[in-house]
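**Student:** Okay, handing you the structure first.
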Amino acid sequence: MSGRQALPRQTVWPALAGVAQAASMAMPGSGHAQGWLQILSLLWLARGLVQITQTQGLRLKPIMRLAAWQSGVFATAWLAGSFWWLYVSMHDVGGLPSVLAVLAVLALAAALALYYAFAAAVWAGLSSGMGRQVLSPWQRSALFAALWTLAELMRGQWLTGFPWGAGGYAHVDGMLSVWAPWVGVYGIGALAAGLAMRLALAGWGWRAVPPLALVWGLCWGMKAWSPAFTATTGTAQVELLQANITQNAKFDVKSGIRDALQWYDARLRSSTQALVVAPETAIPVLPRQLPPSYWADLQQHFGESGRPLALVGVPLGSTGAGYTNSLVALGPQGTAAYQYDKHHLVPFGEFIPPGFVWFVRQMQIPLGDFRSGGLHQAPIHWQGQRLAPNICYEDLFGEELAARFKDPQQAPTAFVNVSNIAWFGDTLAVDQHLNISRMRAMELSRPMLRATNTGATAIIDHQGRVTQQLPRFTRGTLIGSYEGRTGLTPYARWASAWGLKPLWAACAMVLLLAAWRRRTAP
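Taking my numbering, the leading residue of the sequence shown gets 15, the next gets one more, and so forth.
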């Protein structure tokens, strides 16, 4: 095969498959996740990897290099297509030159793609070589699922972790979603990867029917049999606020800050619901920088008998003590002292990684160097519910939310997510983040109350269904009810005790068994 003939197979087709994988997380136009497309895109890649291992005359090292290249191209296109909107925050908001912003997105995607390139190279090396197959199709499929999941885990946890766009999120509405309360998003991703490789090994025709029938039957049976892991703690009312202030105006004293202070003050004071929630940095300045008596008047208002509980996003701290991205409670005695400080901070946006001060100085990002709050912060008790806050992309880390279930007496009955996705404009980041929150609700069987600056402000029930939602990029309030839940899903049980270690161990065991099998094969 000539170099010109090989180019589409080795580069163009994997890149197109990667773009399809990115689209499966939230389709342009509808924002809906498409699990079938995620499996199809991974099948496209897997088929290319299988063909590489079947190429006559290639020795093991070239096979591994080709597998790494195709997987790396696929992953770079997938990841860049998943978080291309970082360009908006860096260029449109932060003022970084467009060329540098594009290069930064591509560099991040390419760096993270190395995990998947290495996974594919190891798979090719262990599953074939020298014209002989030492593993059965099911063993090769399990090995691919394990290695692909290890790559996902590395991306999601190493170097602070950035798991945005993990394959399992494409299945929030698909048949594999039934496994969310058992194995979480990474387990779903492993099932999808194993199925894609098994179909690739089966080829086209009737041989693909048994794997599909098996997976469909298992999912159908699990859905029919799966017990109710949680029970209701009653329903309650909530009002979620969405001011729709653009990020370019948010920290402008003459427009955004004045607008935010006036609008949130009026809406908070007028709320008649038991709980009212304002989004991340709804109050965009430190309390000491507010107009005289503004903060004290709000505290006094909500401290009066019969008032609702208000949860308000606001930065706190000082130069000496450091600053926190926080959610504070304004309410009666016993709740007013509550404060949640964001634990999992965003690199470059909320803290500066070592060696990157020069890069951050290229952008004008206010409040860009916070300190982290603790992982185990207690929920706030209110009207029979235990409300556990998380701020912005903290709900991307299901294992960290699961850690809050370690103490049954403090286990949340509902989650409250406050976010500001205005950093990324009117992009698919809004839909992707909504699907992330839905996955957390399914994994932990808890409702998620989302108050955001520009969208998606929504109420998600414990089964991951959006029951109410405000139109995006509009100003308004969402008044609705939610049902708190008690009890633990299997995922909440094992993830609260061990984090993601069981997944790491299971994948490592599959890898070791495959390596042993290849070493001892005749």
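C-beta: ideal position from N, C-alpha, C; glycine also. For clarity, every value in this text was computed on a predicted model and none was experimentally measured.
Between which two residues does the beta strand (DSSP E) containing R329 stretch?
**Tutor:** As written in the sequence, residue 329 is Pro, which differs from the Arg given in the question. Per DSSP, P329 belongs to the beta strand (DSSP E) from 323-332.
**Student:** Taking all protein chains shown into account, decide if P485 is buried (16 or more other Cβ within 10 angstroms of its Cβ) or exposed.
**Tutor:** Flag for P485 reads exposed.
**Student:** Between G494 and the rest of its own chain, which residues show a CB-CB distance below 6 Å, the 5 nearest in sequence each way excluded?
**Tutor:** Same-chain partners within the cutoff: I473, Q482.
**Student:** Quick one: residues in its chain with C-beta nearer than 6 Å to the C-beta of M144, no 5 flanking neighbours on either side, listed in chain order?
**Tutor:** Confidence is the limiting factor: at M144 the pLDDT is only 48, short of 50, which leaves the residue's position unreliable, though a coordinate-based value still follows. Taken in chain order, the list of residues that qualify is empty.
**Student:** Determine the contact status of A443 and Q477, defining contact as a CB-CB distance below 9 Å.
**Tutor:** No, the Cβ-Cβ distance between A443 and Q477 is not below 9 Å.
**Student:** Considering Cα atoms alone, identify which of L502, N262, Q24 is closest to M78.
**Tutor:** The shortest C-alpha separation from M78 is found at Q24.
**Student:** To the nearest angstrom, how far is it from the Cα of L54 to the Cα of L110?
**Tutor:** Cα-Cα distance, rounded: 36 Å.
**Student:** Could you tell me the distance, in whole angstroms, from the CA atom of Q397 to the CA atom of T246?
**Tutor:** Their backbone Cα atoms lie some 14 Å apart in a straight line.
**Student:** Just to confirm before moving on: does the CB-CB distance between F429 and R460 stay below 9 Å?
**Tutor:** Cβ distance < 9 Å, so F429 and R460 count as in contact.
**Student:** Output the boundary residues of the beta strand (DSSP E) element that contains Y496.
**Tutor:** Start and end: 490-500.
**Student:** Pair every Cβ in the segment 59-68 with every Cβ in the segment 214-229, then say whether three or more of these pairs are closer than 8 Å.
**Tutor:** Verdict: yes, contact present.
**Student:** For G336, list the residues DSSP reports as bridge partners.
**Tutor:** G336 pairs with S332.
**Student:** Identify the continuous beta strand (DSSP E) that holds M462 and give its terminal residues.
**Tutor:** Counting along the chain, the beta strand (DSSP E) containing M462 begins and ends at 462-466.
**Student:** Can you check the segment 59-147 for any alpha helix (DSSP H) of at least 4 residues that lies completely inside it and give the ranges in chain order?
**Tutor:** Counting only runs of 4 or more, we get 74-96, 112-141.
**Student:** Which residue's Cα is closest to the Cα of L255: A296, L330, L341?
**Tutor:** The shortest Cα separation from L255 among A296, L330, L341 belongs to A296.
**Student:** Can you tell me which of the three DSSP states P361 falls into?
**Tutor:** Here P361 sits in strand by DSSP.
**Student:** Give, in chain order, every unbroken run of the alpha helix (DSSP H) that is at least 4 residues long and sits entirely within the segment 227-252.
**Tutor:** Those alpha helix (DSSP H) runs which fall completely within the segment 227-252 and span 4+ residues do not exist here.
**Student:** Do the CB positions of A82 and L120 come within less than 9 Å of each other?
**Tutor:** In this structure, L120 does not lie closer than 9 Å to A82 by Cβ.
**Student:** Compute the distance between the beta-carbons of T333 and D355, then report whether it is under 9 Å.
**Tutor:** Result no, Cβ atoms of T333 and D355 do not sit closer than 9 Å.
**Student:** Would you tell me roughly how many angstroms separate the C-alpha atoms of H395 and L401, rounded to the nearest one?
**Tutor:** Between H395 and L401, the C-alpha separation is close to 6 Å.
**Student:** Counting Cβ pairs closer than 8 Å, one from the segment 426-441 and one from the segment 193-213, do we hit at least three?
**Tutor:** No, the segment 426-441 does not touch the segment 193-213.
**Student:** Exposed or buried, what is E318 when buried is set at 16 or more other beta-carbons lying within 10 Å of its beta-carbon?
**Tutor:** Exposed, because fewer than 16 other Cβ atoms sit within 10 Å of the Cβ of E318.
**Student:** Going by DSSP, name the residue or residues bridged to H395.
**Tutor:** H395 is bridged to R400.
**Student:** How about the segment 185-194 and the segment 230-249: do they share at least three Cβ pairs that are nearer than 8 Å?
**Tutor:** Result yes; three or more Cβ-Cβ pairs closer than 8 Å.
**Student:** Ignore the nearest five residues each way along the sequence and tell me which others in Q48's own chain have a CB closer than 7 Å to its CB.
**Tutor:** Contacts found: S38, M41, A184.
**Student:** Pull up the distance between the alpha-carbon of R464 and that of S433, whole angstroms please.
**Tutor:** Distance between the alpha carbons of R464 and S433 is about 8 Å.
**Student:** Quick check on the burial criterion: 16 or more other C-beta atoms within 10 angstroms. Buried or exposed for S307?
**Tutor:** By the 10 Å Cβ count, S307 comes out exposed.
**Student:** Note down the Cα distance separating I66 from L80, rounded to an integer number of angstroms.
**Tutor:** Cα-Cα distance, rounded: 7 Å.
**Student:** Which of the three DSSP states, helix, strand or coil, is assigned to S433?
**Tutor:** Three-state result, S433: strand.
**Student:** Given that a residue counts as buried once 16 or more other Cβ atoms are within 10 Å of its Cβ, and exposed if not, what is G32?
**Tutor:** G32 comes out buried.
**Student:** Quick one: complete alpha helix (DSSP H) runs, 4+ long, within the segment 139-195?
**Tutor:** If we require 4 residues or more, the alpha helix (DSSP H) runs fully inside the segment 139-195 come out as 151-171.
**Student:** Could you give the distance in angstroms between the alpha-carbon of L30 and the alpha-carbon of A91?
**Tutor:** Between L30 and A91, the C-alpha separation is close to 8 Å.
**Student:** Just tell me which of G490, D475, R479, E457 has its CA closest to the CA of G469.
**Tutor:** Of G490, D475, R479, E457, the residue nearest in Cα terms is G490.
**Student:** Please say whether V116 and Y130 have beta carbons closer to each other than 9 Å?
**Tutor:** Their beta carbons are not under 9 Å apart, which means Y130 does not touch V116 by this criterion.
**Student:** Looking only at its own chain, which residues have a Cβ that is under 7 Å from the Cβ of A124, when we skip the five neighbours before and after it?
**Tutor:** Hits under 7 Å: T90.
**Student:** Excluding the 5 residues preceding and the 5 following G388 in the sequence, name in chain order all residues of the same chain whose CB lies nearer than 7 Å to its CB.
**Tutor:** So the qualifying residues of the chain are H357.
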